[in-house]
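J.: Residue numbering for the sequence shown follows the numbering used here, beginning at 41 and increasing consecutively.
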Amino acid sequence: MQGSSLVLRAAAASPRSALRARKPLLSLRMVENIEQLREDYRKQNKTCFVLGASGETGKALLKEIVKGNIFSKVTSIGRRTLNFEDDSYKDVVQEVVDFEKLDEYSSVFQDHDVGFCCLGTTKAKAGEAGFIRVDHDYVVKSAQLAKAGGCKHFNLESSNGADKGSSFLYLKVKGQVEAEVQEFNFDRYTIFRPAVLMCDRQESRPAEWIARKFLAPISYLFPTALSVPVTTVVRAMVNNAVMPSDQKVELLDNKAIHRIGTLEEKKKT
Ligand SMILES: NC(=O)c1ccc[n+]([C@@H]2O[C@H](COP(=O)([O-])OP(=O)(O)OC[C@H]3O[C@@H](n4cnc5c(N)ncnc54)[C@H](OP(=O)(O)O)[C@@H]3O)[C@@H](O)[C@H]2O)c1
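1) Taking the alpha-carbon positions, what's the VAL236 to GLN216 distance?
2) What is the DSSP secondary structure of ASN109, counted as helix, strand or coil?
3) Pick from ALA219, HIS193, VAL136: whose alpha carbon is nearest that of GLY205?
4) Taking THR97 as the reference, give the member of GLN287, VAL174, SER285, ARG275 with the closest Cα.
5) Excluding the 5 residues flanking SER259 on each side, which residues of the same chain have their C-beta closer than 8 Å to its C-beta?
6) Any idea if PRO269 is buried or exposed, counting beta-carbon neighbours within 10 angstroms, 16 or more meaning buried?
7) Report yes if the C-beta distance between VAL136 and LEU159 is below 8 Å; otherwise report no.
8) Which residue's Cα is closest to the Cα of GLU144: ILE105, SER94, THR302, LYS181?
9) Would you check whether ligand 1 has a heavy atom nearer than 7 Å to the C-beta of SER199?
10) Going by DSSP, what residues sit across from PHE194 in a beta bridge?
11) DSSP three-state call for ARG78: helix, strand or coil?
12) I need the straight-line Cα distance from LYS141 to LYS214, nearest angstrom please.
13) Quick one: using the 10 Å Cβ neighbour count with 16 as the cut-off for buried, is GLU104 buried or exposed?
14) Nearer than 7 Å: is that true of the beta carbon of ASP127 relative to any heavy atom of ligand 1?
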């Protein structure tokens with residue numbers, strides 16, 4: 041194997057996707073030096089916001105960021121105040137906003153170098169219009185305000201199969217959002233397309249629960265095929281953020297998320 045010339049390619053994006061993005065490349069140096077990359081990034085004193093920090097991904101992401109001390113300032117933007125029992129969250133700034141009037145909260149989106157968006161709901165929970173409102177309108181508006189506020193790197197949690205040409209509402213909305221956020225022309229825009237999230241969800245979602253039970257043995261045999269642990273997704277978000285990149289748009293599908301989200305484990309083996 042030839043040191044830094046080894047290139048691990050992230051898995052290909054959905055061929056039906058109209059979104060033009062380049063695949064992230066992982067050099068062996070990055071695999072070996074992820075801790076050093078995190079340390080270098082820390083020294084840059086960057087600031088970030090997390091949208092949806094009360095959700096399964098957002099919660100785990102905030103934990104990964106706080107425990108890793110990755111950013112000099114972390115802001116959680118959400119519709120309600122969160123209770124953090126652990127002392128390590130004491131410096132997290134909480135901004136409570138009315139997502140129906142986001143324009144009135146533009147100051148909340150000012151001066152963050154990096155943004156992570158883990159917002160979302162389901163049609164079962166919010167109805168079709170409510171789903172579009174959250175997963176499309178709130179996300180696109182937040183990205184717009186973030187860009188206006190100076191955000192350089194925007195990270196969007198989308199979904200496996202996102203495709204604005206899809207006949208399935210969920211996948212179509214996800215694909216539309218990906219494309220519309222790209223129009224804001226962030227210096228760096230990373231889209232994560234996880235498959236079914238494996239987590240101990242507190243909220244009752246029977247369909248997801250059944251899918252998870254069904255997927256558990258498949259995940260054991262083929263870990264990257266149809267699912268991904270939330271902990272892997274958030275580690276991929278942080279590991280990818282700390283890796284220098286000259287790619288304006290990065291698209292990480294489920295396999296790429298597994299690769300980047302398990303770098304620390306690879307290092308140990
Ligand atoms: N679940 C999966 O298997 C899966 C797979 C692939 C992709 N995804 C996508 O990944 C993203 C995150 O998923 P997740 O399962 O981690 O999310 P989640 O646990 O459902 O959390 C969603 C977040 O969005 C917020 N939110 C929901 N409705 C809102 C509203 N009306 N106004 C303001 N905020 C609202 C929630 O706030 P509250 O806590 O206040 O409700 C929460 O912080 C979503 O876009 C989802 O579509 C999910």
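For glycine and all other residues, C-beta sits at the position ideal for the given N, C-alpha and C.
T.: Reading from the atomic positions:
1) The count along the sequence shown starts at 1 and reaches residue 236 at position 196. The count along the sequence shown starts at 1 and reaches residue 216 at position 176. Rounded to the nearest angstrom, the two C-alpha atoms are 20 Å apart.
2) Locating residue 109 in the sequence shown gives position 69, where the first residue counts as 1. Here ASN109 sits in coil by DSSP.
3) The residue you call residue 205 lines up with position 165 of the sequence shown. Closest by alpha carbon: ALA219.
4) Your numbering for residue 97 matches position 57 in the sequence shown. For THR97, the nearest C-alpha among the options comes from ARG275.
5) As a working mapping, residue 259 is identified with position 219 in the sequence shown. The answer, listed in chain order, is MET238, ALA265, LEU266, SER267.
6) Indexing the sequence shown from 1 puts residue 269 at position 229. So PRO269 ends up on the buried side.
7) Along the sequence shown, read from residue 1 onward, the residue named residue 136 stands at position 96. Along the sequence shown, read from residue 1 onward, the residue named residue 159 stands at position 119. Contact flag unset, no.
8) Residue 144 sits at position 104 when you count from the first residue of the sequence shown. Answer by Cα proximity: LYS181.
9) By one-based count along the sequence shown, residue 199 stands at place 159. Checking every heavy atom of ligand 1 against the Cβ of SER199, one is found closer than 7 Å.
10) Locating residue 194 in the sequence shown gives position 154, where the first residue counts as 1. PHE194 pairs with GLY155, TYR229.
11) Indexing the sequence shown from 1 puts residue 78 at position 38. Looking at ARG78 - three-state DSSP - the assignment turns out to be helix.
12) Numbered from 1 along the sequence shown, position 101 holds the residue referred to as residue 141. Numbered from 1 along the sequence shown, position 174 holds the residue referred to as residue 214. Approximately 22 Å, taken between the alpha carbons.
13) Here residue 104 is taken as the residue at index 64 of the sequence shown, counted from 1. That one is buried.
14) As a first step, residue 127 must be located in the sequence shown, where it is residue number 87. Every heavy atom of ligand 1 is 7 Å or more from the Cβ of ASP127, so no.
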